[in-house]
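Trainee: Quick one: the structure is below, questions incoming.
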Amino acid sequence: MQRLGQHQSPASLRMIFSSTSISGDLVLKSLGVQVGQNQAGLEETMKQKKESSDMQKRPVSKKYVIWNNKGGVGKTTLTYLLSTEYAKRVKDYNIIVIDMCPQTNISEMLLGGNGKGEKNLEKLYEKDKHIAAYIKARYDKSRFSKIGSESNYFISASEYNENLKENIYLLPGHNDLDLCVHLINYLASAPEKRAWWYSRAILIDLITSFEEANSNKRNIFFIDCNPSFTPYTELAILASNRLIVP
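Following this note's numbering, the numbering of the sequence shown begins with 1 at its first residue and continues without gaps.
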């Protein structure tokens, strides 16, 4: 007789006992397994495999993080120049800028600069359209999985700045990012398997959701960071696949 593994399904256990005089269902009941008990789990597994297959079919987006442990080296300026020039040259791509710096300079620059950008950013704050609002929402609603409205946190920058191309999107920054450090670390310390990883995958979930909502076009991401290596900087680096150190 084959050795029973703890992760074998009811269907596989039935097959093991099909060649014996022992009833498969009787054995399952004696082991405390109810027929059909794992059906929902199997369906969820198949769904995850399909989503994984769909992800593999899509081209991998380029995700640049611009970071240096020193301030004043031109990280934000480089992010602005790269994103706006890319938007001009590759019009069939979406160019997405993610502001992971509590100083929010790249957000203000893309939203108009010179006072106009600050006012537009305040309007977005009133709508909770910024990275800190999402981190707080994750903490309140769904600490270890998506909340379902991730793509709504990205805005079309040209709607606030007519000088930009229509293919530039922005996930605005917020000075509450420094306060979010406590939320991120709290999630990481939870008594949950892989809690640290879930706490650091928050930006990955945002990016993945944007890609899924905009799968009709290729996407290029630029993530602007502040100089210090904080937990939200870890989010940025883990979500990227290319690092630029100015």
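Just so it is clear, CB atoms sit at the ideal spot from N, CA and C, and this is done for glycine as well.
In this text, all values refer to a predicted model and were calculated from it rather than measured experimentally.
Would you grab the beta carbon distance between Ile-247 and Ile-168 for me? Rounded to a whole angstrom, and I think it's under 8 Å.
Mentor: Examination of residue 247 is not possible in this model, given that the chain is present from 1 through 246 alone.
Trainee: With 16 as the cutoff for other CB atoms within 10 Å, does Lys-63 come out buried or exposed?
Mentor: Position 63 of the sequence shown, counted from the first residue, corresponds to residue 63. When all chains shown are included, Lys-63 counts as buried.
Trainee: Given this structure, state the Cα-to-Cα distance separating Glu-150 from Tyr-134, to the nearest angstrom.
Mentor: Here residue 150 corresponds to residue number 150 of the sequence shown, with the count starting at 1. Here residue 134 corresponds to residue number 134 of the sequence shown, with the count starting at 1. Each residue's Cα considered, the two are about 8 Å apart.
Trainee: Would you be able to state if there are at least three C-beta pairs under 8 Å between the region 115-128 and the region 81-94?
Mentor: Between the region 81-94 and the region 115-128, the count of Cβ pairs shorter than 8 Å is below three; the stretches do not touch.
Trainee: Is it buried or exposed for Phe-277, if we count other Cβ within 10 angstroms and need 16 for buried?
Mentor: Because the chain spans 1 through 246 in this model, residue 277 falls outside it and cannot be assessed.
Trainee: Please classify Gly-71: is it buried, with 16 or more other beta-carbons within 10 angstroms of its beta-carbon, or exposed?
Mentor: Residue mapping note: residue 71 aligns to position 71 of the sequence shown, counting from 1. So Gly-71 ends up on the exposed side.
Trainee: Does DSSP put Lys-62 in a helix, in a strand, or in coil?
Mentor: Here residue 62 is taken as the residue at index 62 of the sequence shown, counted from 1. Reduced to three states, the DSSP call for Lys-62 is strand.
Trainee: Beta-carbon separation of Ile-202 and Ile-66 under 9 Å?
Mentor: For this step, residue 202 is matched to residue 202 along the sequence shown. For this step, residue 66 is matched to residue 66 along the sequence shown. Not in contact: Ile-202 and Ile-66 (Cβ atoms no closer than 9 Å).
Trainee: Mind checking whether Arg-200 and Ser-61 have CB atoms under 9 Å apart?
Mentor: Start at 1 with the first residue of the sequence shown, and residue 200 comes out as number 200. Start at 1 with the first residue of the sequence shown, and residue 61 comes out as number 61. No, these two residues do not count as a Cβ contact at 9 Å.
Trainee: What does the Cβ neighbour count give for Asp-92, buried or exposed, with the cut at 16 atoms within 10 Å?
Mentor: Within the sequence shown, residue 92 is the residue found at index 92, counting from 1. Under this definition Asp-92 is an exposed residue.
Trainee: DSSP beta-bridge partners for Ile-96?
Mentor: In the sequence shown, counting from the first residue as 1, residue 96 sits at position 96. Beta-bridge pairing links Ile-96 to Tyr-169, Phe-221.
Trainee: Counting C-beta neighbours from all protein chains within 10 Å, is the total for Ser-189 16 or more, i.e. buried, or is it exposed?
Mentor: As a first step, residue 189 is located in the sequence shown; it is residue number 189 there, counting from the start. By the neighbour-count rule (16 or more Cβ atoms within 10 Å), Ser-189 is not buried but exposed.
Trainee: Given a cut-off of 9 Å on the beta-carbon distance, is the pair Leu-238 and Ile-204 in contact?
Mentor: Here the question's residue 238 lines up with position 238 in the sequence shown. Here the question's residue 204 lines up with position 204 in the sequence shown. Taking 9 Å as the Cβ cut-off, Leu-238 and Ile-204 qualify as a contacting pair.
Trainee: Count the other CB atoms, across all protein chains shown, that sit within 10 Å of the CB of Lys-127; report buried if there are 16 or more and exposed otherwise.
Mentor: Counted from its first residue, the sequence shown places residue 127 at position 127. Lys-127 is exposed by the Cβ-count criterion.
Trainee: Got a sec? Which residues, its chain only, sit under 6 Å from Tyr-139 by beta carbon, not counting five neighbours each side?
Mentor: The residue you call residue 139 lines up with position 139 of the sequence shown. Here the set comprises Leu-183.
Trainee: Could you check where the beta strand (DSSP E) with Ile-244 kicks off and where it finishes?
Mentor: Translated into the one-based positions of the sequence shown, residue 244 becomes position 244. Note, Ile-244: beta strand (DSSP E), 242-244.
Trainee: If you count every other CB in all the chains shown that lies within 10 Å of the CB of Glu-166, and 16 or more means buried, which is it?
Mentor: Taking the first residue of the sequence shown as position 1, residue 166 is located at position 166. Note on Glu-166: under 16 other CB atoms within 10 angstroms of its CB, so exposed under the neighbour-count rule.
Trainee: For Leu-254, which residues in the same chain have their Cβ closer than 6 Å to its Cβ, ignoring the five residues on either side in sequence?
Mentor: No answer is possible for residue 254: it lies beyond the span of the chain, which begins at 1 and ends at 246.
Trainee: Taking DSSP as the reference, what is the three-state secondary structure of Ser-151?
Mentor: As a working mapping, residue 151 is identified with position 151 in the sequence shown. Three-state result, Ser-151: helix.
Trainee: If we call anything under 9 Å between Cβ atoms a contact, is Ile-223 one with Met-109?
Mentor: Within the sequence shown, numbered from 1, the residue matching residue 223 stands at position 223. Within the sequence shown, numbered from 1, the residue matching residue 109 stands at position 109. Taking 9 Å as the Cβ cut-off, Ile-223 and Met-109 do not qualify as a contacting pair.
Trainee: In whole angstroms, give me the CA-to-CA distance for Trp-330 and Ser-158.
Mentor: Beyond the ends of the chain as shown, which are 1 and 246, falls residue 330; an answer cannot be given.
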